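Structure first, commentary second.
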Amino acid sequence: MTTIGFIGAGKIGSQLARLAVKNGYDVILSNSRGPGTLSALVKELGPRARAGTPAEAAGGGGIVVVTVPLKAYREVPVEPLAGKIVIDTNNYYPQRDGHIPELDDESTTTAELLQAHLPKSRVVKAFNHIYAAELTTHGAPAGTKNRRALVIAGDDADAKKTVAHLIDQFGFDTVDAGPLAEGWRIQRDTPGYGPRRNAEELRRDLAAAKRNRDR
Ligand SMILES: NC(=O)c1ccc[n+]([C@@H]2O[C@H](COP(=O)([O-])OP(=O)(O)OC[C@H]3O[C@@H](n4cnc5c(N)ncnc54)[C@H](OP(=O)(O)O)[C@@H]3O)[C@@H](O)[C@H]2O)c1
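Under our numbering, think of the first position of the sequence shown as 1, with each following residue one higher.
Now the structure itself:
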């Protein structure tokens, strides 16, 4: 898989695209306003990058990153993503996204919502708990002492393996939180959400996380 598609090219999308290009991937970027608005980023990224519509990014990517405000998740194209690994970076902020009752009552999680919208895709939650700027400043080669770790969660073991490899290439260790349903352990306001953590610390944070209803 040498092309990564991006649905969303804002703070996180642009940073992940920089890491992807640096590691030899081609990228197809998309946003809500159209490819013409991405020319500066495409120019910065160079010949490995191009812009397209969300459907083109979804169809052209071997792996596709969905990195949009959560309120837009239903607009993510479904058919072109069938069978593909979809990385979900999204978080829930009601003040931005509006209230989503099944998240408010904790009967589901953000990545499960995207998985339900994309039933034929293999969704892996990743990159949701690191500040965008740190994606290009906190990475380090594999084996570096105290290397920062990032959480993944997902229901497809092969997809998680592929995403863990990508995260390693991007400069981070991986901690597997389990299935998508466990993704709440790294949602907003949990101990691991935001701070720099190595793998051991992050495992401890995941174990200590509490659901909002149990606080
Ligand atoms: N910022 C962080 O440090 C951070 C860290 C971890 C996770 N996250 C999460 O990751 C997601 C993205 O965050 P961000 O900070 O990168 O947001 P952002 O800077 O606001 O960028 C959002 C991107 O999504 C695009 N978009 C919006 N609606 C779309 C649609 N219907 N179809 C296609 N693209 C659409 C926007 O395009 P237009 O500009 O054209 O509207 C923009 O490129 C959010 O869920 C956020 O909570 C953010």
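In this text, a Cβ means the ideal position worked out from N, Cα and C, and glycines have one as well. Small disclaimer: the values here were computed from a predicted structure and weren't measured.
Beta-carbon contacts of residue i that lie in its chain and below 7 Å, excluding the five residues immediately before and after
i, result
"Pro191", "Asp205, Ala208 and Ala209"
"Ala181", "Thr109 and Glu112"
Contact set for residue i: own chain, Cβ-Cβ below 6 Å, skip 5 residues either direction
i, result
"Ala132", "Lys11, Ile12 and Gln15"
"Asp155", "Pro179 and Leu180"
"Lys71", "Asp97 and Gly98"
Nearest-angstrom Cα separation, counted from residue j out to residue i
i, j, result
"Ala82", "Glu44", "30 Å"
"Trp184", "Val124", "13 Å"
"Gly46", "Gly178", "36 Å"
"Val151", "Thr137", "18 Å"
"Ala20", "Pro94", "30 Å"
"Ala199", "Asn91", "21 Å"
"Gly194", "Glu201", "13 Å"
Boundaries of the alpha helix (DSSP H) in which residue i is found, first to last residue
i, result
"Lys120", "First-last for Lys120: undefined, no H or E at that position."
"Leu150", "Per DSSP, Leu150 belongs to no alpha helix (DSSP H); it is in the beta strand (DSSP E), Ala149 to Gly154."
Expected contact under 8 Å - CB spacing of residue i and residue j to nearest Å
i, j, result
"Leu68", "Leu118", "This sequence places Val at residue 68; Leu is not what is there. Not confirmed; about 13 Å, so no contact."
"Asp173", "Lys160", "At roughly 14 Å, the Cβ-Cβ gap does not stay under 8 Å, so Asp173 and Lys160 are not in contact."
Own chain, CB closer than 8 Å to residue i, minus 5 neighbours either side, in chain order
i, result
"Leu197", "This sequence places Arg at residue 197; Leu is not what is there. Result list for Arg197: Arg148, Ala149 and Asp205, in chain order."
"Leu38", "Ala9, Leu29, Ser30, Asn31 and Ala51"
Boundaries (first-last residue) of the beta strand (DSSP E) holding residue i
i, result
"Arg88", "Note on identity: in this sequence residue 88 is Asp, with Arg being the wrong assignment. It spans Ile85 to Asp88 - the beta strand (DSSP E) in which Asp88 sits, taken as one unbroken run."
"Ala40", "Run containing Ala40: none in the beta strand (DSSP E); it sits in the alpha helix (DSSP H), Ser39 to Leu45."
"Thr217", "This structure cannot settle anything about residue 217, because the visible part of the chain is limited to 1 through 215."
"Ile49", "The sequence given here places Ala at residue 49; Ile does not occur at that position. That run of the beta strand (DSSP E) goes Ala49 to Ala51."
Residue i Cβ short of 6 Å to ligand 2 heavy atom set
i, result
"Arg33", "In the structure shown, ligand 2 is absent; the only ligands present are ligand 1."
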